[in-house]
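Peer 1: So the protein sequences, as listed, match chains A and B. Note that the working numbering gives residue 58 to position 54 of the first sequence, counting from 1, and the numbers run on in steps of one. Note that the working numbering gives residue 175 to position 109 of the second sequence, counting from 1, and the numbers run on in steps of one. We put the CB at the ideal spot given by N, CA and C, even for glycine. A quick note: this is a predicted structure, and the numbers were derived from the prediction, not measured.
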Amino acid sequence: MDIDNGLVDRLAELSKLEFNADEKERIKGDLQKILNLVEKLNEVNVDGVEPLKYMNDDVNVLREDEVKGQVSKADALSNAPQRDSDYFKVPKVIKK
Amino acid sequence: MSDDKYSKYELVIGLEVHAQLSTKSKMYCGDSTEFGASPNTQVSPLSLGHPGTLPRVNKAAVAAAVKIGLAMDGEIREVNEFARKNYFYADLPKGYQITQDKTPICTNGFLKFEVNGEEKTVRIHRIHMEEDAGKSTHDLDPFFTLVDLNRAGVPLVEIVTEPDIRSSDEAYQYLTEVRKLVRFLEICDGNLEEGSMRCDANISIRKVGETILNTRVEVKNMNSIRNVKRAIEAEFIRQVDLVEEGGVVVQETRGFDANTGKTLGQRSKEFAHDYRYFPEPDLPPVVITDAYIQDVRANMPKLPKQLISEYVNHFGLPLYDATVITDDKDLAFYFNDLLKLTSNYKAASNWVLGPVKSFLNENGLEISQFVLKPQALADLIALIDSGKTNFSVASQKIFPEMIVAPAKSPLQIAEELNLLQNSDEGMIKELVAQVLSSMPAKVEEYKAGKKGLMGLFVGEVMKASKGKADPKVTNKLLNELLEN
């Protein structure tokens, strides 16, 4: 698969990122290298092998319905680049 | 004729309902779900989207999803997997919503209900479990959008119909039934105004008689069942006008403006979303066994349909009474308790639908806020049945006093207010005789066929007894004496 400008633009849109022309070229190169690396996996024959979704065979690892493990508002907001005393502040976005 | 253009078309509607589950904690972590808390106080590293956290499924949410699936006669899936639905938005800190993509917990359900006297069946395409996003506020700060993550991760079930709904009335009734079900099951409080139940409508039109599905428009932002109905009606007119003028309906998301009653195109990006679903590797599958389903079923409360049939067939109540009582879960539960305490079922229904409901309506109260317990009402019914009082005295004098002093028994109140009626035949007979002998002319008229005078005689006896003569006994004695 080839990484072209259209794909980079689409990925940028989905991840709400912006690139200038130079950056776009660099990212195209990086993404192409990553894809080529992963494409090596295509050389392995996986006929009849179920995809491995989980790291073990556990099922029904459920929680009781209990309130547990909350953090304080101050802690919650402490890592945010922008905040006020109550909220995370993010660039104004139009309503979805 | 221009009005006629609308009758050439019919509506094709599918509804998606999101119901917030009334669990104590969130879907995949232990944050509280309580409504109305201070912003960002019901959060944890998981709901904040910090790395290195592991989600775990809330047992109670699974049970709730199975309940609504069974209530809609659906098939419950054995192996439930979760998936990540990826999109980038500030109120979704993980960058993906954990939902069920290919393995919804319930499929092939249906809901039957009556619309304008006709039975309607709406097929349920799927019900799946997922989590809510946080809340963004755009108008509190002039330069920023403010994000509160208390709601991020609150459990939801999404209930998706097939495109079986053909009118705004059917949509209205469907939503009313869904709300009733989630309330009877006590899995969601069903409040559209507060957003604990939300509805999106997929609306298209086609010529009557056609079976194709045309391009649909998704309408959002309807915060009441009535507004869903209004939005559908507005969208029907918009789409018919558009097509009749040679236009084409385009696939888009529109919002409903309750003030203008119109739908508006939302300024969303034209390109279709690409959610890049993939399996959630952090959540092992939830396996639902037959034994588990049996257990959930056994613990489900009776649903409106069952209750109506019981009220009518077992308790002999009119269908109308049964239907009105089961419109409100709390009223139905109250009535169920009352039925256990009295054997005069029709009186129980009359009381609940009469004096009790009027009192609640006049005072803007819910049955859950009503001070009189079913036992008190049962005692009052028993007092009437014993002949010590009658319905009109009980409802006008004793009942209001009971509400003021709920600790007192109806008998006590009747005694204190000197309201106990006299059903002593000897005493009443004397009064009857006195009254009749005091108005011989009227008695003659009565005997000559003016039967309407009976009311006058009864009234006179009541007056003479200061309102305490048992009207039933009075009537009986008057009849006896007048026929002789």
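Leaving out the 5 sequence neighbours to the left and right, which residues in its chain are closer than 6 Å to T211/B when beta-carbon positions are compared?
Peer 2: Same-chain partners within the cutoff: S202 and H204.
Peer 1: Closer than 7 Å, CB to CB, is V132/B near chain A or not?
Peer 2: Not one chain A Cβ lies under 7 Å of V132/B.
Peer 1: For the alpha helix (DSSP H) that R249/B lies in, which residues bound it at each end?
Peer 2: First-last of the alpha helix (DSSP H) with R249/B: S234 to F250.
Peer 1: Of all the CB atoms in chain B, is at least one closer than 7 Å to the CB of L66/A?
Peer 2: Chain B, which has a Cβ nearer than 7 Å to the Cβ of L66/A, makes this yes.
Peer 1: Are there three or more Cβ pairs, one per stretch, closer than 8 Å when the segment 314-333 of chain B is compared with the segment 140-152 of chain B?
Peer 2: They do not touch, by the three-pair rule.
Peer 1: Mind checking which residues open and close the alpha helix (DSSP H) that includes V63/A?
Peer 2: Taken as a continuous stretch (DSSP letters only), V63/A belongs to no alpha helix (DSSP H), as it is neither H nor E.
Peer 1: Output yes or no for whether 7 Å exceeds the beta carbon distance between D62/A and P350/B.
Peer 2: Contact flag set, yes.
Peer 1: Nearest to A218/B by CA position, among L112/B, R282/B and V244/B, is which residue?
Peer 2: For A218/B, the nearest C-alpha among the options comes from L112/B.
Peer 1: Could you tell me whether any Cβ in chain A is nearer than 7 Å to the Cβ of E82/B?
Peer 2: Taking Cβ atoms only, chain A never reaches closer than 7 Å to E82/B, which makes this a no.
Peer 1: Less than 7 Å between the C-beta atoms of L544/B and V509/B, yes or no?
Peer 2: Not in contact: L544/B and V509/B (Cβ atoms no closer than 7 Å).
Peer 1: Three-state secondary structure (DSSP) at L15/A?
Peer 2: Looking at L15/A - three-state DSSP - the assignment turns out to be helix.
Peer 1: Between D69/A and chain B, is there a C-beta pair that is closer than 7 Å?
Peer 2: At least one chain B Cβ lies under 7 Å of D69/A.
Peer 1: What residues in its chain sit with their C-beta under 6 Å from that of V83/B, if we drop five residues either side in the sequence?
Peer 2: Answer for V83/B: I225, V244 and C265, listed in chain order.
Peer 1: From A530/B to G382/B, what distance separates their C-alpha atoms?
Peer 2: Their backbone Cα atoms lie some 38 Å apart in a straight line.
Peer 1: With respect to the alpha helix (DSSP H) encompassing N429/B, which residues constitute its N-terminal and C-terminal limits?
Peer 2: From DSSP, the alpha helix (DSSP H) with N429/B extends over K423 to N429.
Peer 1: Mind checking which residues open and close the beta strand (DSSP E) that includes Q163/B?
Peer 2: Y162 to T165 is the span of the beta strand (DSSP E), which, as asked, contains Q163/B.
Peer 1: Excluding sequence positions up to five away, which residues of its chain have a Cβ less than 7 Å from the Cβ of F457/B?
Peer 2: Once the five neighbours on either side are set aside, the close Cβ partners of F457/B are I450.
Peer 1: Would you list, in chain order, the members of the segment 154-178 of chain B that have their beta-carbon closer than 8 Å to a beta-carbon of chain A?
Peer 2: Within the segment 154-178 of chain B, the qualifying residues are F154, Y155 and A156.
Peer 1: For S19/A, return the contacting residues in chain B, with the cut-off set at a CB-CB distance below 8 Å.
Peer 2: Residues of chain B passing the Cβ test: F154.
Peer 1: Expressed to the nearest angstrom, what Euclidean distance is found between the alpha-carbon atoms of E336/B and E54/A?
Peer 2: Here the model assigns E336/B a pLDDT of 49, short of 50, so the residue's position is not dependable, and the following value carries that caveat. If you take the alpha carbons of E336/B and E54/A, they lie about 37 Å apart.
Peer 1: Within this structure, are the beta carbons of L485/B and K463/B separated by less than 7 Å?
Peer 2: Yes, they are a contact pair.
Peer 1: For Y341/B, which three-state DSSP category applies?
Peer 2: Three-state DSSP puts Y341/B in coil, outside helix and strand.
Peer 1: Please specify which runs of the beta strand (DSSP E), each continuous and at least 3 residues long, are wholly inside the segment 25-96 of chain A, giving them in chain order.
Peer 2: With a minimum length of 3 residues, the continuous beta strand (DSSP E) runs that stay inside the segment 25-96 of chain A are 92-95.
Peer 1: Take V316/B and list the residues in its own chain whose beta-carbon comes closer than 7 Å to its own, dropping the five residues that flank it on each side.
Peer 2: The residues are T281.
Peer 1: Got a sec: is the Cβ-Cβ distance from D97/B to anything in chain A below 7 Å?
Peer 2: Answer yes: the Cβ-Cβ gap between D97/B and chain A drops below 7 Å somewhere.
Peer 1: State the start and end residues of the unbroken beta strand (DSSP E) segment that holds E180/B.
Peer 2: C172 to V181 is the extent of the beta strand (DSSP E) around E180/B.
Peer 1: Within the 7 Å Cβ cut-off, does V309/B reach chain A?
Peer 2: Cβ-Cβ to chain A under 7 Å: no for V309/B.
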